[in-house]
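The working numbering numbers the first residue of the sequence shown as 240 and each following residue consecutively.
Glycine is no exception: its CB is placed at the ideal position from the N, C-alpha and C atoms.
Predicted model, so just to flag it, every value in this text is computed and none were measured.
The structure appears right after this line, and notes come after that.
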Amino acid sequence: MRVKLFAEHQTKKNALSLFLLTLLFCFLGSHLRIPAELSLFWPVNAIVAAVIVRHPYLHRIRYYLASFAAMVVNDTVFSGWAWPAVTLNIANLLFIIISVSMLVRHYLRDSSRTQLGNALRIFPACLLAAFACATWGGLAQDMSFDVRFATAWGDWFSEQFSTGLMLLPFLLARGWRSLSFAALLAPGKWLPVLSVLLSLVVGAMIGGAGSLTFPVPALIWCAIVLPIPVTSLVILLTGITEIVLVSHGVMNIQGNDNLLPLSHLTSARLGVATVAISPLIVAVSMDAVRQLNQRLALRANYDFLTQLLSRSGLYESLKEEPFSAQRSVGVILIDVDYFKAINDNFGHDAGDGVLEEIALRMQKVVGSQGRICRFGGEEFAIVLFDAHAAQLFQLAEAVRQAIGKEKFWLQGNTVTVTVSLGLAQGRAGEERDWHSVVNQLVSAADKNLYLSKRNGRNQTSPAFRTLTLAGEVA
Ligand SMILES: Nc1nc2c(ncn2[C@@H]2O[C@H](COP(=O)(O)OP(=O)(O)OP(=O)(O)O)[C@@H](O)[C@H]2O)c(=O)[nH]1
C-alpha cells in the first residue's frame with residue numbers, strides 16, 4: 240500500500256507531513272555536524288524545495304512556515320539555540336523559497352523529454368538561492384556566533400550550492416518507473432559506474448587539488464549510457480563521497496600526506512588531463528548522434544527496395560538545384576501496367592523483384608541526365624532540367640522500351656512487363672522554388688499518364704508531335 244504524504248486539498252495533513260519531513264532531515268543534518276556549528280551536509284533545504292516543486296499546491300506561505308517551524312524546533316531542542324534558531328533558519332527558508340519560485344512553473348510544463356532543460360534551470364536556481372541564503376546566514380552567524388562574515392558566507396554558499404546542485408537533479412528526475420533494472424545489469428551499463436568508483440579510489444590515493452576531478456570522465460560516460468535518473472543518482476553519491484572523503488582527510492586535496500608519493504603538481508596535471516578528456520568524450524557522443532541523424536536522413540530520402548530517391552528525397556534534392564525562372568524542367572511519370580496481376584499471379588516478392596529490375600533498367604537509360612524517384616507503390620518519376628521537349632520525349636520512350644523489350648524472369652516464367660508514361664514540361668514563372676514547380680508538373684504529367692492508360696497502356700502521352708513546352712507553370 241502506498242502512503243500519500245500530500246494531497247491537494249488537505250491543508251492540515253500537508254502541513255503536518257511537511258513539518259515531520261523537515262524535522263526528520265533537520266535531525267539527520269544536525270548529526271552530520273563536524274565539529275563546528277554548521278553541518279557538513281544540509282540536505283533539508285533541497286529536499287523540501289524538491290517536495291514543493293513536485294507538489295506545486297504546497298507553494299504557499301503556510302507550508303513554508305510549517306517547514307520553518309520544524310527547523311526552529313529541531314535547533315531549539317537538539318542544539319539548545321534560542322534566537323539563532325530563528326535567525327539562522329531564515330537563511331534556509333530563503334534557499335527554499337527562491338529555488339522553488341525559479342523551478343516550480345517549469346517543472347510542471349516540461350515533459351520528460353525536456354529533462355535537460357529542467358536540469359539546466361537548476362543551476363541558476365541554486366546559484367541565486369545559495370547566494371541569498373549565504374548572505375543572510377553569514378550575517379546571522381556573524382552576530383550569533385562571532386564568526387567572520389566572509390568565512391561564514393563561503394561555508395554557507397559552497398555547501399548550499401553544491402548540495403542543491405547534487406540533490407535537486409536527482410530529486411526532480413522523472414522516469415524512474417519506466418526504468419528496467421534488468422537492462423541496468425548489462426556490462427555496458429555498470430562499467431561506467433565501476434569506473435566512477437575506481438576513479439574515486441585513485442583520487443583518494445593520489446590526493447592533491449586535481450584528484451577531485453578524476454571521476455569527471457567516468458561521470459560523462461554514465462551520462463551517455465545511463466538513463467538520467469540513474470546518472471543523477473551516481474552524480475549525487477559521487478559528490479557526497481568526495482565531500483566525506485575530503486572532510487575526513489582521506490582525500491587530501493592539500494597534496495600533503497597522500498597515500499601515494501606524488502607531488503601536488505602531479506595531482507594538478509592529472510586533474511587537468513582528466514578535464515581535457517571530458518570534452519573529447521562529449522565530442523565522441525555528439526559524433527555518434529550526428530551519424531545516427533545522417534542514417535535517419537538517408538533512410539527518409541531513399542527508397543529501401545529500389546535504392547532510388549524517395550518522394551521526400553526528390554524534393555529534398557531539388558533544393559540543391561540552382562533556381563532560375565528561365566530554366567525549363569520536365570517530369571516523366573511512369574506507372575507499371577497491370578502490376579496487381581503480377582502480384583496476384585507470382586506473389587508479392589516477385590512483384591518486388593520486378594520493381595527492383597525496373598529501377599535498374601531506368602537507371603541504365605537515364606544515367607546522370609535526371610533524377611529518378613520511386614514516387615509511390617508501382618509509380619516512378621524522372622525529373623529533368625534544361626532539356627528540350629524532344630529530349631524529354633526520347634528519354635521517356637527509351638525508358639518504356641528498356642522495360643518492355645526484354646522479358647522479366649519470374650519464378651521460371653518469362654513475362655513481359657510494360658509501363659505507361661505521362662509527360663509535362665514548363666518553366667518556374669511566378670514560382671519561387673523547384674518544389675512547387677515540380678509539384679504542378681507532376682499533376683499535369685499524371686493527367687497525361689491517365690491518357691496513356693486509357694488509350695491502351697505501354698505508351699507515352701502526349702505523343703511527341705503534340706508535346707510543347709507548357710510555358711510558365713504558374
Ligand atoms: N509487390 C509489391 N506490390 C506493390 C507495392 N506497392 C504497391 N503494390 C501493388 O501494386 C498494385 C497496383 O495495382 P493497381 O493500382 O490496381 O494498378 P495496376 O494493377 O498496375 O493496373 P494499372 O495501373 O491500371 O495498369 C497493387 O496491387 C499494390 O498492392 C510494392 O512495393 N511491392
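Residues near residue i by beta carbon distance below 8 Å, same chain, minus five either side
i      : result
Val283 : Thr261, Phe264, Cys265, Gly268, Met310, Asn331
Ala289 : Leu406, Leu407, Leu410, Leu411
Tyr302 : Asn253, Ala254, Leu257, Ile291
Thr655 : Gly643, Lys646, Phe647
Val343 : Ile291, Val292, Pro295, His298
Asp576 : Val656, Thr657, Val658, Ser659, Lys692, Arg696, Asn697
Thr250 : Arg301
Alpha carbon of residue i to alpha carbon of residue j, nearest angstrom
i      : j      : result
Ile463 : Pro456 : 11 Å
Thr545 : Val622 : 17 Å
Gln399 : Cys372 : 8 Å
Ala368 : Val242 : 31 Å
Cys612 : Ile291 : 56 Å
Pro468 : Trp415 : 6 Å
Leu714 : Glu617 : Nothing about residue 714 can be reported from this structure: the residues present for the chain run from 240 to 713 only.
Trp322 : Pro466 : 45 Å
Glu711 : Ala564 : The predicted position of Glu711 is uncertain, since its pLDDT is 38 and thus under 50; a value taken from the coordinates is nonetheless stated next. The straight-line gap from Cα to Cα measures roughly 9 Å.
Ala686 : Arg360 : The question names Ala, but residue 686 is Lys in the sequence shown. One C-alpha to the other measures close to 57 Å.
Leu764 : Asp526 : The chain is shown from 240 up to 713; residue 764 falls before or after that span and cannot be answered.
Ile459 : Phe307 : 37 Å
Arg566 : Gln633 : 19 Å
Arg666 : Val568 : 6 Å
Thr353 : His345 : Any reading at Thr353 is ruled out, since the residue's pLDDT is 49, under 50, leaving its predicted position unreliable.
Pro701 : Gln640 : 16 Å
Ala422 : Ser401 : 31 Å
Gly586 : Leu649 : 10 Å
Phe362 : Leu424 : 31 Å
Ala598 : Asn678 : 22 Å
Ile335 : Leu451 : 28 Å
Thr390 : Asn313 : 25 Å
Phe619 : Leu366 : 60 Å
Residue i (DSSP reduced to helix, strand or coil)
i      : result
Ser740 : Nothing about residue 740 can be read from this structure; the chain reaches only from 240 to 713.
Tyr541 : strand
Leu367 : helix
Phe624 : strand
Gln630 : helix
Asn694 : coil
Asn716 : A query on residue 716 cannot be resolved here, the shown segment of the chain reaching from 240 to 713 and no further.
Leu332 : helix
Ile492 : coil
Val386 : coil
Arg666 : strand
Arg600 : helix
Ser438 : helix
Gly661 : strand
Gly414 : coil
Gly606 : coil
Gly643 : helix
Leu572 : strand
Phe362 : helix
Ser471 : helix
Ser551 : helix
Phe619 : strand
Phe614 : strand
Residues near residue i by beta carbon distance below 7 Å, same chain, minus five either side
i      : result
Arg550 : Cys612, Phe614, Gly615
Ser351 : Annotation note: pLDDT 48 at Ser351 (below 50); position unreliable, no value reported.
Val765 : Residue 765 is absent from the model: the chain starts at 240 and stops at 713.
Ala305 : Ala254, Leu257, Phe258
Phe388 : Gly377, Leu378, Asp381
Val339 : Ala288, Ile291, Val292, His298
Phe396 : Ala369, Phe370, Ala373
Gly609 : Ile621, Val622, Leu623
Gly427 : Val464
Glu596 : Phe647
Asn582 : Gly590
Close-in-space but distant-in-sequence residues of the same chain around residue i (CB under 6 Å, 5 per side omitted)
i      : result
Ala663 : Val570, Leu680, Ala683, Ala684
Arg386 : As written in the sequence, residue 386 is Val, which differs from the Arg given in the question. So the qualifying residues of the chain are Gln380.
Thr477 : Val435, Pro454
Ser554 : It should be noted that the sequence gives Tyr, not Ser, for residue 554. If we look at Tyr554 and ignore the five residues flanking it on each side, its Cβ neighbours are His674.
Ala285 : Thr402, Gly403, Leu406, Leu407
What ranges does the alpha helix (DSSP H) occupy inside the region 253-329, keeping only unbroken runs of at least 4 residues that lie completely in it?
If only complete runs of 4 or more residues are kept, the region 253-329 shows the alpha helix (DSSP H) at 283-293, 300-313, in order along the chain.
Three Cβ pairs or more, each shorter than 8 Å: is that satisfied between the region 581-600 and the region 660-677?
Touching, no, given that fewer than three Cβ pairs across the two stretches are closer than 8 Å.
Are the region 475-490 and the region 428-446 touching by the rule of at least three beta carbon pairs closer than 8 Å?
The region 475-490 is in contact with the region 428-446.
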